[in-house]
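A.B. asks:
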Amino acid sequence: MTLPFGPIQPIPEPSAGGSLLAPWAVPVERIRTEPGGVDKFKEPLPGAEVRTALPPALFSLEGTEALQAAGVSATGAEPTIYWPNQQPDVQVGDELVVDGDRWTVHERPNKTPLGLVVIVRGVKTTRRAP
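All residue numbers for the sequence shown refer to our numbering, where the first residue is 37 and numbers rise by one.
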């Protein structure tokens, strides 16, 4: 269809790797510990760490404050990772390396029709001092 100002252009899909959000996207790597069996006292043993590259994501150190009631918002905002239009496999207890820092998944990831939202807590930095 042609309009007075030209043809209609398709709107690009907003994803972290797409053209609209790519400048803010950061690489993400998931570290998941495999089960390692049990010891002689039937206690679980840690297994090997398996590293998997995940799609680029948007990262906010402060997350967002949710409105709890009229005039009342959440008191604390936590670091949050967003995957627009994507649902990568992330579980509570996974560790994510985001832009050089290692974070642990703190709460169950929130899967929405708009993508995946993951709240994390800091573990340690993997960057070298300058």
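By construction, the Cβ of each residue, glycine as well, lies at the ideal position given by its N, Cα and C atoms. In this text the structure is predicted, and so the values were computed from the model without any measurement.
Look at VAL153 and GLU131 and say whether their C-beta atoms are less than 9 Å apart.
C.D. replies: If you number the sequence shown from 1, residue 153 lands on position 117. If you number the sequence shown from 1, residue 131 lands on position 95. Cβ atoms of VAL153 and GLU131: not closer than 9 Å.
A.B. asks: Opposite PRO82 in the DSSP bridges: which residues?
C.D. replies: In the sequence shown, the residue the question calls residue 82 occupies position 46. Bridge partners of PRO82: PRO71.
A.B. asks: Nearest by alpha-carbon distance to PRO71: which of VAL62, ALA84 and LYS78 is it?
C.D. replies: Position 35 of the sequence shown, counting from 1, holds the residue named residue 71. Of the listed residues, the one whose Cα sits closest to PRO71 is ALA84.
A.B. asks: Could you pull the DSSP bridge partners for GLY158 from this structure?
C.D. replies: What you label residue 158 is simply residue 122 of the sequence shown in a count that begins at 1. Answer is TRP139.
A.B. asks: Specify, as a first and last residue, the run of the beta strand (DSSP E) that VAL133 falls within.
C.D. replies: Position 97 of the sequence shown holds residue 133. Segment 131-134, the beta strand (DSSP E) holding VAL133.
A.B. asks: Below 6 Å CB to CB, which residues in the same chain sit around THR161 once its five sequence neighbours on both sides are set aside?
C.D. replies: The residue labelled residue 161 in the question sits at position 125 within the sequence shown. These residues qualify, in order along the chain: ASP137.
A.B. asks: In the DSSP assignment, what residue or residues form a beta bridge with PHE95?
C.D. replies: Taking the sequence shown and counting its residues from 1, one reaches residue 95 at position 59. DSSP output for PHE95 lists ILE117 as bridge partner(s).
A.B. asks: Once DSSP output is grouped into helix, strand and coil, what is the label at ALA61?
C.D. replies: Taking the sequence shown and counting its residues from 1, one reaches residue 61 at position 25. In the structure shown, ALA61 sits in coil (DSSP, three-state: anything other than H, G, I, E or B).
A.B. asks: Would GLY151 and TRP119 be called neighbours here (beta carbons separated by less than 9 Å)?
C.D. replies: Counting from 1 along the sequence shown, the entry for residue 151 is found at position 115. Counting from 1 along the sequence shown, the entry for residue 119 is found at position 83. Yes. Within cutoff.
A.B. asks: Taking 9 Å as the threshold (C-beta atoms), are VAL64 and LEU97 in contact?
C.D. replies: Residue 97 sits at position 61 when you count from the first residue of the sequence shown. Residue 64 sits at position 28 when you count from the first residue of the sequence shown. Taking 9 Å as the Cβ cut-off, LEU97 and VAL64 do not qualify as a contacting pair.
A.B. asks: Take GLU143 and list the residues in its own chain whose beta-carbon comes closer than 6 Å to its own, dropping the five residues that flank it on each side.
C.D. replies: Residue 143 sits at position 107 when you count from the first residue of the sequence shown. Closer than 6 Å at Cβ, skipping near neighbours: ILE155.
A.B. asks: Who are VAL153's beta bridge partners in DSSP?
C.D. replies: For the purposes of this step, residue 153 is taken as residue 117 along the sequence shown, with counting starting at 1. Bridge partners of VAL153: TYR118 and ASN146.
A.B. asks: Note down, in chain order, each residue of its chain lying with its Cβ closer than 7 Å to the Cβ of ALA93, except the 5 sequence neighbours on either side.
C.D. replies: For the purposes of this step, residue 93 is taken as the residue at position 57 of the sequence shown. The answer, listed in chain order, is ALA52, ALA61, VAL62, VAL64, ILE117, TYR118 and TRP119.
A.B. asks: Let me make sure I understand the geometry here. Which of LEU57, ARG66, ALA58 and PRO59 has the alpha-carbon closest to that of GLY129?
C.D. replies: As a working note, residue 129 is residue 93 in the sequence shown. The residue with the shortest Cα to Cα distance from GLY129 is ARG66.
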